[in-house]
Amino acid sequence: MIPFDLEYYVPADVSEAYDWFRKLQEQGKDPVYYSGGTEILTFARLNRVRTGAVIDLKAIPDCRSLQMSGQLLEIGSCVSLSDLCAANPFPLLSLAARGVADQTSRNKITFGGNICGRIIYREAVLPLLLTDSAVVLAGENGMRAVSIHEVFEGRLKLRKGEFLVKTLTDIRFLPLPYYHEKRRKIGHVGYPIVTVAALKKDGKLRMAFSGVCAFPFRSDPMEQVLNDSSIPPHKRIEEAIGRLPGPVLDDIESSAPYRRFLLARTMADAIQSLESR
Amino acid sequence: MREPMPAADSVEMEVNGEKRRVNVRASSLLLHTLRNMLGLTGCKPGCENGDCGACTVLVEGLPMKSCLMLTAEANGRKVTTIEGLANSPATYAFAKNQAFQCGYCTPGFIVNCEGLRNAYPQADLETVRLWLESNICRCTSYEEIHAAVQEMLAGYRRTP
Numbered sequence: 001m002i003p004f005d006l007e008y009y010v011p012a013d014v015s016e017a018y019d020w021f022r023k024l025q026e027q028g029k030d031p032v033y034y035s036g037g038t039e040i041l042t043f044a045r046l047n048r049v050r051t052g053a054v055i056d057l058k059a060i061p062d063c064r065s066l067q068m069s070g071q072l073l074e075i076g077s078c079v080s081l082s083d084l085c086a087a088n089p090f091p092l093l094s095l096a097a098r099g100v101a102d103q104t105s106r107n108k109i110t111f112g113g114n115i116c117g118r119i120i121y122r123e124a125v126l127p128l129l130l131t132d133s134a135v136v137l138a139g140e141n142g143m144r145a146v147s148i149h150e151v152f153e154g155r156l157k158l159r160k161g162e163f164l165v166k167t168l169t170d171i172r173f174l175p176l177p178y179y180h181e182k183r184r185k186i187g188h189v190g191y192p193i194v195t196v197a198a199l200k201k202d203g204k205l206r207m208a209f210s211g212v213c214a215f216p217f218r219s220d221p222m223e224q225v226l227n228d229s230s231i232p233p234h235k236r237i238e239e240a241i242g243r244l245p246g247p248v249l250d251d252i253e254s255s256a257p258y259r260r261f262l263l264a265r266t267m268a269d270a271i272q273s274l275e276s277r
Numbered sequence: 001m002r003e004p005m006p007a008a009d010s011v012e013m014e015v016n017g018e019k020r021r022v023n024v025r026a027s028s029l030l031l032h033t034l035r036n037m038l039g040l041t042g043c044k045p046g047c048e049n050g051d052c053g054a055c056t057v058l059v060e061g062l063p064m065k066s067c068l069m070l071t072a073e074a075n076g077r078k079v080t081t082i083e084g085l086a087n088s089p090a091t092y093a094f095a096k097n098q099a100f101q102c103g104y105c106t107p108g109f110i111v112n113c114e115g116l117r118n119a120y121p122q123a124d125l126e127t128v129r130l131w132l133e134s135n136i137c138r139c140t141s142y143e144e145i146h147a148a149v150q151e152m153l154a155g156y157r158r159t160p
């Protein structure tokens, strides 16, 4: 049970969504955008989210698109993870999405919700970081498309009232060799100890990570050393781990030393898998 | 544009084939509306956190955890609970295979398996495994549940 009242809004298009946000903000209702809603409802039940209104984006056509548009794969923020996996336009992204929660939950969890959520793993973002994708954001000044690298630093840096409409990925990335591995404490459902997603483009490895630090990331300094073929792979991995962008998580899922060990093993598997392809 | 729903208002759904209108708070969860306002207590509260699957219902034929859905989101949609699945292939297969012990998780499992049959009547083992991961049985009747699902799908797999 959610221990407070809220109002529920279902805008039909992007501008109406922002208009509602602005009006509700002025009324002091502290609105939140709502897509799948699984995280909002879970946190609301625990009083970790409190809002007077939710703005459900699922009726907005732009947020529901899943199509090839010229040279771009366009994925709306309100596409459910299970629909994304079933359509499978981007196999690496399907693998990342399939690792989130369980099948029934993925019928409700959306692509955009996973990227914008408070839960730190945000695994659907890893393939976007690897493919230098763009994100389309909507807010006060209408819609803007920007590189994900400009607006994603551990989490999507949205301006007040802004929301993720869709992502755009160059289709030339879709058939490239890839690797994805999510290692959990136990079983097939749950948060990662380590997730590694990797892609090989123009002979160079690209790697992105979740579960290692308190945010998902792709790191240029790590990739530089990982692609230095003058160094043996185990040394490259050791040096790359020395260049992590933050402290290694040490929590109930795993101790930091075990995470580091598992990260090294998974990176070795990724290198072995991709260097021969 | 749909009219905004104030803090409390009416929602109309087709539940188990019948049109039902309920007055609810906009913050009401589908799980509690089904149980407390419509008397459909087959939909079980378990973790109420989206983890256990005991509260699973079908929304437009697709399994959803009703503890993770606002009632307002179901407005105008078809909802099927375990009460609407009497004599379904999944119900029959679970009974025949004794795929339960205490029975608390059973409605959620059956609803999920009906959703699987709707979506993938010829589901392979990997698909079955993926779908069954959504529900937890604390009595660990997983072997029997797996057997029930295999039996339910066997007829469809034989279809040439």
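Those sequence lines, one after another, are chains A and B.
Last residue of the first sequence: 277 (my numbering), numbering continuous.
Last residue of the second sequence: 160 (my numbering), numbering continuous.
Ideal Cβ placement from N, Cα and C applies to all residues, glycine included.
None of these values were measured; they are calculated from a predicted model.
Residue i classed as buried or exposed, judged by whether at least 16 other C-beta atoms fall within 10 angstroms
{"i": "CYS102 (chain B)", "result": "exposed"}
{"i": "ALA256 (chain A)", "result": "exposed"}
{"i": "HIS234 (chain A)", "result": "exposed"}
{"i": "TYR156 (chain B)", "result": "exposed"}
{"i": "GLU126 (chain B)", "result": "exposed"}
{"i": "ALA134 (chain A)", "result": "buried"}
{"i": "GLU74 (chain A)", "result": "buried"}
{"i": "ILE252 (chain A)", "result": "exposed"}
{"i": "SER69 (chain A)", "result": "exposed"}
{"i": "GLY113 (chain A)", "result": "buried"}
{"i": "ILE271 (chain A)", "result": "buried"}
{"i": "SER105 (chain A)", "result": "buried"}
{"i": "THR140 (chain B)", "result": "exposed"}
Chain B contact for residue i (CB, 8 angstroms cutoff)
{"i": "TYR191 (chain A)", "result": "no"}
{"i": "SER105 (chain A)", "result": "yes"}
{"i": "ILE2 (chain A)", "result": "yes"}
{"i": "HIS188 (chain A)", "result": "yes"}
{"i": "ARG45 (chain A)", "result": "yes"}
{"i": "LEU244 (chain A)", "result": "no"}
{"i": "TYR9 (chain A)", "result": "yes"}
Alpha carbon of residue i to alpha carbon of residue j, nearest angstrom
{"i": "LEU226 (chain A)", "j": "SER77 (chain A)", "result": "32 angstroms"}
{"i": "PRO221 (chain A)", "j": "ARG64 (chain A)", "result": "36 angstroms"}
{"i": "LYS182 (chain A)", "j": "GLY42 (chain B)", "result": "35 angstroms"}
{"i": "VAL128 (chain B)", "j": "VAL149 (chain B)", "result": "8 angstroms"}
{"i": "LEU30 (chain B)", "j": "MET64 (chain B)", "result": "10 angstroms"}
{"i": "GLU114 (chain B)", "j": "PHE173 (chain A)", "result": "37 angstroms"}
{"i": "GLY46 (chain B)", "j": "GLU239 (chain A)", "result": "46 angstroms"}
{"i": "PHE318 (chain A)", "j": "ASN47 (chain A)", "result": "Look at the range of chain A in this structure, 1 to 277, and you will see that residue 318 (chain A) is not part of it."}
{"i": "TYR191 (chain A)", "j": "VAL100 (chain A)", "result": "8 angstroms"}
{"i": "SER278 (chain A)", "j": "ARG155 (chain A)", "result": "With chain A covering only 1 through 277, there is no way to say anything about residue 278 (chain A)."}
{"i": "LYS166 (chain A)", "j": "GLU140 (chain A)", "result": "17 angstroms"}
{"i": "ALA268 (chain A)", "j": "LEU244 (chain A)", "result": "16 angstroms"}
{"i": "THR91 (chain B)", "j": "PHE100 (chain B)", "result": "11 angstroms"}
{"i": "ILE2 (chain A)", "j": "GLY52 (chain A)", "result": "12 angstroms"}
{"i": "THR39 (chain B)", "j": "SER28 (chain B)", "result": "The sequence shown places Gly at residue 39 (chain B), not Thr. If I take the Cα positions, the gap works out to 15 angstroms."}
{"i": "LEU85 (chain B)", "j": "THR110 (chain A)", "result": "28 angstroms"}
{"i": "LEU95 (chain A)", "j": "LEU81 (chain A)", "result": "10 angstroms"}
{"i": "PHE261 (chain A)", "j": "ILE241 (chain A)", "result": "10 angstroms"}
{"i": "PHE4 (chain A)", "j": "LYS201 (chain A)", "result": "50 angstroms"}
{"i": "ASP62 (chain A)", "j": "ALA93 (chain B)", "result": "42 angstroms"}
{"i": "GLN122 (chain B)", "j": "ILE119 (chain A)", "result": "35 angstroms"}
{"i": "CYS105 (chain B)", "j": "ALA86 (chain A)", "result": "27 angstroms"}
CB of residue i within 8 angstroms of CB of residue j, strictly
{"i": "ASN177 (chain B)", "j": "ASN112 (chain B)", "result": "Nothing in the structure corresponds to residue 177 (chain B), since chain B is present only between 1 and 160."}
{"i": "ASN75 (chain B)", "j": "GLU12 (chain B)", "result": "yes"}
{"i": "ARG259 (chain A)", "j": "VAL248 (chain A)", "result": "yes"}
{"i": "ALA26 (chain B)", "j": "LEU164 (chain A)", "result": "no"}
{"i": "ILE55 (chain A)", "j": "PRO31 (chain A)", "result": "yes"}
{"i": "GLY211 (chain A)", "j": "TYR121 (chain A)", "result": "yes"}
{"i": "VAL79 (chain B)", "j": "LEU62 (chain B)", "result": "no"}
{"i": "LEU263 (chain A)", "j": "TYR179 (chain A)", "result": "no"}
{"i": "ASN49 (chain B)", "j": "THR42 (chain A)", "result": "yes"}
{"i": "LEU132 (chain B)", "j": "LYS108 (chain A)", "result": "no"}
{"i": "ALA54 (chain B)", "j": "GLY108 (chain B)", "result": "yes"}
{"i": "PHE215 (chain A)", "j": "THR195 (chain A)", "result": "no"}
{"i": "ALA197 (chain A)", "j": "LEU205 (chain A)", "result": "no"}
{"i": "PRO127 (chain A)", "j": "PHE152 (chain A)", "result": "no"}
Min CB distance residue i to chain A below 8 angstroms
{"i": "SER10 (chain B)", "result": "no"}
{"i": "MET152 (chain B)", "result": "no"}
{"i": "LEU85 (chain B)", "result": "no"}
{"i": "ALA72 (chain B)", "result": "yes"}
{"i": "MET13 (chain B)", "result": "no"}
{"i": "ARG117 (chain B)", "result": "no"}
{"i": "GLY39 (chain B)", "result": "no"}
{"i": "SER141 (chain B)", "result": "no"}
{"i": "LYS44 (chain B)", "result": "no"}
Strand pairing of residue i, partner residues [DSSP]
{"i": "LEU66 (chain A)", "result": "A:ILE75"}
{"i": "ASN23 (chain B)", "result": "B:SER10"}
{"i": "GLU181 (chain A)", "result": "A:VAL196"}
{"i": "ILE55 (chain A)", "result": "A:TYR9, A:TYR33"}
Residue i CB to nearest heavy atom of the ligand GDP below 7 angstroms
{"i": "GLU14 (chain B)", "result": "Looking at this structure, you won't find the ligand GDP or any other ligand, since it has none at all."}
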